[in-house]
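Numbering (the numbering used here), first residue to last: 2 to 124.
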């Protein structure tokens with residue numbers, strides 16, 4: 002469905018700082034994704050910013066060429082570490098296994114791509 006000037010039709014690709022051949026894509030965020038974040042914060046549990054980071058990255062995930070096995074690059078037929086077809090829980094579990102510095106880089110970039118997502122900045 003096309004929503005005219007409201008449509009964001011393509012993923013935004015980010016090339017990693019320390020592995021410049023690897024990229025991570027953020028998909029356009031929908032109102033359903035926004036609702037999932039609101040429900041997360043309002044579910045009566047004490048959530049941390051780290052849990053919010055994982056959820057935001059999992060919801061916004063649009064693809065990557067980060068290889069599941071570094072000896073088998075995706076461009077040469079290897080599998081990506083995370084697939085767009087993975088369900089949200091699998092995505093979150095895979096994000097938990099990633100180095101903190103990498104996840105923070107992705108979350109920082111998400112904040113540049115999606116208004117109101119990513120690390121909270123001081124005004």
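Don't be surprised by glycine CBs; every beta carbon is placed ideally from N, CA and C.
Sub-8 Å separation of residue 57 and residue 108 beta-carbons: Within the chain shown, the letter at position 56 stands for residue 57. Within the chain shown, the letter at position 107 stands for residue 108. Cβ atoms of residue 57 and residue 108: closer than 8 Å.
Meets three-Cβ-pair contact criterion under 8 Å: the stretch 16-30 and the stretch 59-66: yes
Complete beta strand (DSSP E) runs within the stretch 53-114 (minimum length 3 residues, chain order): 62-65
Supposed contact pair residue 83 and residue 73 - C-beta distance, whole angstroms, cut 8 Å: In the chain shown, counting from the first residue as 1, residue 73 sits at position 72. In the chain shown, counting from the first residue as 1, residue 83 sits at position 82. Going by Cβ atoms, the distance from residue 73 to residue 83 rounds to 15 Å, so no, they are not a contact pair.
Burial state of residue 48, where buried means 16 or more other Cβ atoms lie within 10 Å: As a working mapping, residue 48 is identified with position 47 in the chain shown. Exposed is the label assigned to residue 48, since fewer than 16 other Cβ atoms lie within 10 Å of its Cβ.
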